[in-house]
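Below is one structure, written out as structure tokens; the observations come after it.
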Amino acid sequence: MRDDEYRGLRGTLEAAVQRRDIGEPEPRAGPRVARVPESHVNDTFEVSGLETKREETLLEALLADHDGVSAASATQRNGTVGVHHDPSVSRTDLRASLESYGLVVAPGDDAFASRRASQFASARVAVAVLFGLMVATPYIGVLYPTRVEWLFYDPVTVEYLRSILESRVATHFFVNLAALSGVAFLVACGPAIRRAVSAATDGRVTRESAFVAGVCVVFGYSTLAAFTGFGGNVHYDLVAYAVAGVTVWNHVATDEVPADQPTTEPVGAEATDDDRVALTDGGR
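Numbering (this note's numbering), first residue to last: 196 to 479.
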């Protein structure tokens, strides 16, 4: 977003806050929680234009000040805005309010799908990193010392590790590594695999198809080396590192800059025990 556009959106929100005489909203640590009446419904919008934490806070304050609105959350990272409101307040009215502040609201009701896709992307990153660490640990402790002797242990320890890798115990060892790296690849790179297969079906070669093919080749070679004994090195570590690196890079490259600090919407003093408690954290 250009600087003038950035200032324009933030200026519009700040002017609206001043015009409606809303107290200066301040971000607070912790999850945002609000009391929501039982009869209230929730609408979620997919928006474009939110860039900063300040804009999130201003927009939430403006929406919460609307008649019939009990809670609101804005998330620039996911590009979504959630509003808990009385059924008498129509989705069209809320959409018009968002657009009046200079936000671009996506047509249709795809906001939930967008938020869920973002959450799945975060989960894939967690799987890639966690499984990558689980693969790296035995490599660092057992396999790397047998390949770079001078960097790790004394010769006696290295020979002992080699004897273990040549025994039947190594079969279970490599089965675990194959399972961890394979699951990480299938889960974290699932969308990339599907796109690569689709591209191959259409006769196209893409970077994703090259990446998927490369990982499959390394995985297949490592499996042959581990279970057929033709003498090659087992490189499940490269599979795990590639999966983790590409997954994290894609997530960072396509995601917005994360907000510095979440806000907390205080529970109003007028809330009753019959009201529902809603987590209005925008899906974070």
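For every residue, glycine included, the Cβ atom is placed at its ideal position computed from N, Cα and C. On a predicted model such as this, the values are computed, not experimentally measured, just so you know.
For Ser-313, which residues from the same chain have a beta carbon less than 6 Å from its beta carbon, with the 5 sequence-adjacent residues on both sides left out? Asn-273
Assign Asn-445 to buried or exposed, taking buried as 16 or more other Cβ atoms, counted over all protein chains shown, within 10 Å of its Cβ. buried
Let me know if Ala-267 comes out buried or exposed under the rule of 16 or more other beta-carbons within 10 Å of its beta-carbon. buried
Whole-number beta carbon distance between Val-443 and Val-343, since they are thought to touch under 8 Å: So it is not a contact: roughly 26 Å between Cβ atoms.
Buried or exposed for Ser-393, going by 16 or more other Cβ atoms inside 10 Å? exposed
Which of the three DSSP states, helix, strand or coil, is assigned to Asp-238? strand
Rounded to a whole number of angstroms, what is the C-alpha to C-alpha distance between Leu-208 and Arg-311? 27 Å
Please classify Phe-315 as buried or exposed, where buried requires at least 16 other C-beta atoms within 10 Å of its C-beta. exposed
What is the DSSP secondary structure of His-367, reduced to helix, strand or coil? helix
Under 9 Å, do Leu-253 and Arg-286 count as touching if we go by C-beta distance? no
Residue from Ile-359, Leu-433, Arg-390, Thr-352 with nearest C-alpha to Ala-373: Leu-433
Which residue wins for smallest C-alpha separation from Gly-336, given the options Val-264, Tyr-348, Ala-210? Tyr-348
Excluding the 5 residues flanking Asp-238 on each side, which residues of the same chain have their C-beta closer than 8 Å to its C-beta? Gly-277, Val-278, His-280, Arg-286, Leu-289
In or out: Val-320 buried (at least 16 other Cβ within 10 Å) or exposed? buried
Assigned secondary structure, His-280 (DSSP; H/G/I helix, E/B strand, else coil): strand
Enclosing beta strand (DSSP E) for Ser-362 [first to last residue]: Note, Ser-362: premise wrong, no beta strand (DSSP E); not H, not E.
Should Arg-230 be labelled buried (16 or more other beta-carbon atoms within 10 Å of its own) or exposed? buried
Could you tell me which of Val-429, Phe-406, Gly-377 sits nearest to Ala-365, measuring between CA atoms? Val-429
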